[in-house]
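Structure record follows, encoded as structure tokens.
Protein chains: 2
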Amino acid sequence: MTPFEALAEPNRRRLLDLLRAGERPAGELVAAMDLSQPGVSKHLKALREAGLVSVRADGQQRIYRLEARKLADLDLWLKPYRHFWADHLDALEAHLERDQ
Amino acid sequence: MTPFEALAEPNRRRLLDLLRAGERPAGELVAAMDLSQPGVSKHLKALREAGLVSVRADGQQRIYRLEARKLADLDLWLKPYRHFWADHLDALEAHLERDQ
DNA sequence: AAAGTATATGCGTTGACAGTTATATTTCTC
DNA sequence: GAGAAATATAACTGTCAACGCATATACTTT
């Protein structure tokens with residue numbers, strides 16, 4: 000599962016939002032999401048496979064944590080597009096880039 | 000179709016990459032992609048609906064153009080996550096944010 | 001009429017997503 | 001050690017949509 004695919008699902012984006020406020024045990028995430036426990040668990044698995052979250056065991060709980068590095072990758076993907084709105088030389092730059 | 004969903008598909012990301020080099024008629028895009036003409040046209044429609052590209056008629060051709068604004072939206076979505084890798088205060092900030 | 005493109009249609013495969021219920025695993029507690 | 005808690009995984013069902021192909025057709029402009 001690529002980060003792109005993982006982020007395409009609203010519930011998964013929601014989970015990331017929740018984790019932005021800090022680490023959280025799976026149970027808290029289940030409580031916060033309007034989904035069944037197995038359902039949340041499946042989305043968490045998807046996020047794990049995308050490298051967007053990590054887990055750590057704490058007693059009988061599983062503590063989930065946002066993995067920012069993978070989002071940094073996304074940020075990197077966005078980079079070559081960024082200058083399109085960062086300045087106003089769009090047309091010129093596009094032209095130069097095209098014939099390079 | 001949300002930008003997130005649109006970007007989840009590799010062929011669509013590829014189309015955006017091609018358009019980074021400048022405006023292009025649909026035909027050129029079809030030639031560059033290993034897909035049927037209707038296939039490419041469908042992906043272009045998806046990108047249009049996501050606001051990631053725009054079209055303009057030029058004679059019998061349809062000229063496609065990257066719409067950077069929508070990618071800026073994505074950039075914006077990423078913003079609250081950015082400080083997680085921008086500095087090294089992750090734990091502290093997460094803690095503060097959680098109890099705010 | 002021809003070119004360029006979009007849209008429609010039909011088909012087939014595959015996967016996403018939801019639900020439910022059950023079970024396996026690990027750890028904690030008594 | 002029994003049993004409960006927390007979570008993952010499995011298994012099954014069901015629906016719906018994505019994606020590919022191919023072919024056909026509609027539309028607009030030349």
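Residue numbers (numbering that gives the first Met the number 0), protein chains in the order written: chain A, 0 to 99; chain B, 0 to 99. Beta carbons: idealized from backbone N, C-alpha and C, even for Gly. Because the structure is a prediction, the values reported are computed rather than measured.
- Look at A71 (chain A): its C-beta is under 8 Å from a C-beta on chain B.
- With respect to the 8 Å criterion, R61 (chain B) and S53 (chain B) are not classified as neighbours on the basis of their beta carbons.
- For the segment 49-79 of chain A, the beta-carbon criterion of a distance under 7 Å to any beta-carbon of chain B is satisfied by L65, A67, R68, L70, A71, L73, D74, L77 and P79.
- In the structure shown, A20 (chain B) falls within a coil segment according to DSSP collapsed to helix, strand and coil.
- Between L6 (chain A) and chain B, the shortest Cβ-Cβ separation is below 8 Å.
- A straight line joining the alpha-carbon of K44 (chain B) with that of M0 (chain B) spans about 10 Å.
- At a cut-off of 8 Å between beta carbons, R19 (chain B) contacts chain A.
- When secondary structure is reduced to three states using DSSP, A67 (chain B) falls in the helix class.
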